[in-house]
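Read through the structure below, which is laid out as structure tokens, and then see the notes.
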Amino acid sequence: MKGPIHHDSTITPLEAELTALKRGLTEAVGLGITHISIYCDYYPIYELVMGRCVPEENKTALLMIDVQRIREEFKSSFPIFVEGNSVSHAYKLARETIVSEISITVNPPHQAKATRKTTCKICLGDDINENQMFCVNKCRHRFCSECMKRHIEVRLLEGSVMRCPHYRCKSKLTFERCENLLTPKVREMWQQRIKEDLIPVTKRIYCPNPRCSALMSKTDLSISPKEDEVRRCCFKCGQIFCIKCKVSWHSNLSCDEYKRLHPYPTDNDGKIKALANQKMWRQCKKCHHMIELSKGCVQVKCRCGHKFCYRCGVQAGRCQHGHGLPPRPPPPP
């Protein structure tokens, strides 16, 4: 955008560029443009719009807030960095886009507007209606709804941070933004993850009932009525258990007596361990939950927060296996 900027003489080049960007976006909104590419030939502007850096000055920060607020008026807005000698090409594209967008808006009202098609960068489907695309709030990357559903489910199963699927993008996905995409099962998984993240790792306790495994906080359990120092009741299934031994309640036995009488695992535990050996699962040494790694790095992180090597079980960083691939179970006979 070219034109006078009515500010004091102390305005910086960065503030001038942001003011021009703000004005250009406002004009585009007024023209009814719904999808826009933001061509930046000034790298600091590109970094700010991408969210890779934080404004240092209050005035710059206020301008960026205005820019991001206006960007939310568009269905999509992608920042693109161009070299100085490519700016004329960007101007040409902008003019063509404005003409095409305006020509659409002046069509007679009785003519139905054709649904635009776009391409998903994950499945590469190029015949997808724009209203079937999901837009990540912060970075504005867009993918088809089906790919986003699968991406979210995989990230939850892996225990990974919920981030945008775009390569190297660090924008986080929020439950509120994605909720309508999810099946009830995946929605429940994500809500459980949110609950887990709110409880410090050292305060997490899981119900020993294999049909329940509900997550609880030791802090919340400690404020329940104490019939015994280690006797607790699961909030979800109601089963009584020992918070110290992490097993169903051992009536009339102290924890030491119980351990002396049960030095070996029960039949069910034995079956689970036999199956774990066959499938090459690993047991977390901290919370004793079983973990299966089908692909990815051998350095794994349990849901309790404990990090260890999937090959040997040693705490992460204390063995020589580095970041190799997980061991594979033998093929079935």
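Following UniProt numbering, the numbering of the sequence shown begins with 1 at its first residue and continues without gaps.
Using N, Cα and C, we set each Cβ at its ideal position, and we do this for glycine too.
- As computed with DSSP, ASN129 is found in a beta bridge with LYS117.
- Here HIS35 is bridged, per DSSP, to SER76.
- Under the Cβ criterion (8 Å, minimum of three pairs), the segment 305-320 does not count as touching the segment 228-242.
- Excluding five sequence positions before and after LEU48, the CB atoms of its chain that fall closer than 7 Å to its own CB belong to PRO55, MET64, given in chain order.
- Short of 6 Å from the beta carbon of CYS164, and not among the five residues preceding or following it, lie these beta carbons of its own chain, in chain order: VAL136, CYS139, HIS141, SER171.
- Under the three-state reduction of DSSP, PHE235 is assigned to coil, being neither helix nor strand.
- GLN320 carries a coil assignment under DSSP once its states are collapsed to helix, strand and coil.
- For the pair THR118 and THR10, the Cα-to-Cα distance works out to about 44 Å.
- If you ignore the 5 residues before and after PRO44, its C-beta comes within less than 7 Å of the C-beta of LEU14, all in its own chain and listed in chain order.
- According to DSSP, ILE205 shares a beta bridge with MET216.
- By a beta-carbon distance limit of 8 Å, CYS297 does not contact ILE291. Their separation comes to about 13 Å.
- Around the C-beta of TYR310, 16 or more other C-beta atoms lie within 10 Å, and the residue is accordingly described as buried.
- By alpha-carbon distance to THR34, the top candidate from GLU153, LYS301, LEU21, ARG71 is ARG71.
- DSSP places SER248 within a strand segment (E or B) once states are collapsed to three.
- Counting along the chain, the unbroken beta strand (DSSP E) around ILE240 starts and ends at 240-242.
- The beta carbon of PHE175 lies closer than 6 Å to those of TRP190 in the same chain, with the five residues before and after it left out.
- For CYS284, the secondary structure class from DSSP, reduced to helix, strand or coil, is coil.
- Here the alpha carbon of ALA61 sits roughly 14 Å from the alpha carbon of MET50.
- Classified as buried, THR19 has 16 or more neighbouring CB atoms from the shown chains inside 10 Å of its CB.
- Counting of Cβ neighbours within 10 angstroms places LEU21 among the buried residues, the total reaching 16 or more.
- Between MET133 and CYS144, the alpha-carbon positions lie close to 4 Å from each other.
- If you draw a straight line from the Cα of ARG23 to the Cα of VAL29, it is about 10 Å long.
- With a 10 Å radius around the Cβ and a threshold of 16 neighbouring Cβ atoms, CYS207 comes out buried.
- Judged by beta-carbon spacing, ARG211 lies within the 9 Å limit of CYS237, meaning their Cβ atoms are closer than that value.
- With a beta-carbon spacing of about 20 Å, LYS279 and HIS306 fall beyond the 8 Å limit used to define contacts.
- For ARG142, the enclosing beta strand (DSSP E) stretches over residues 142-144.
- Residue environment for CYS40: buried (at least 16 other C-beta atoms within 10 angstroms of its C-beta).
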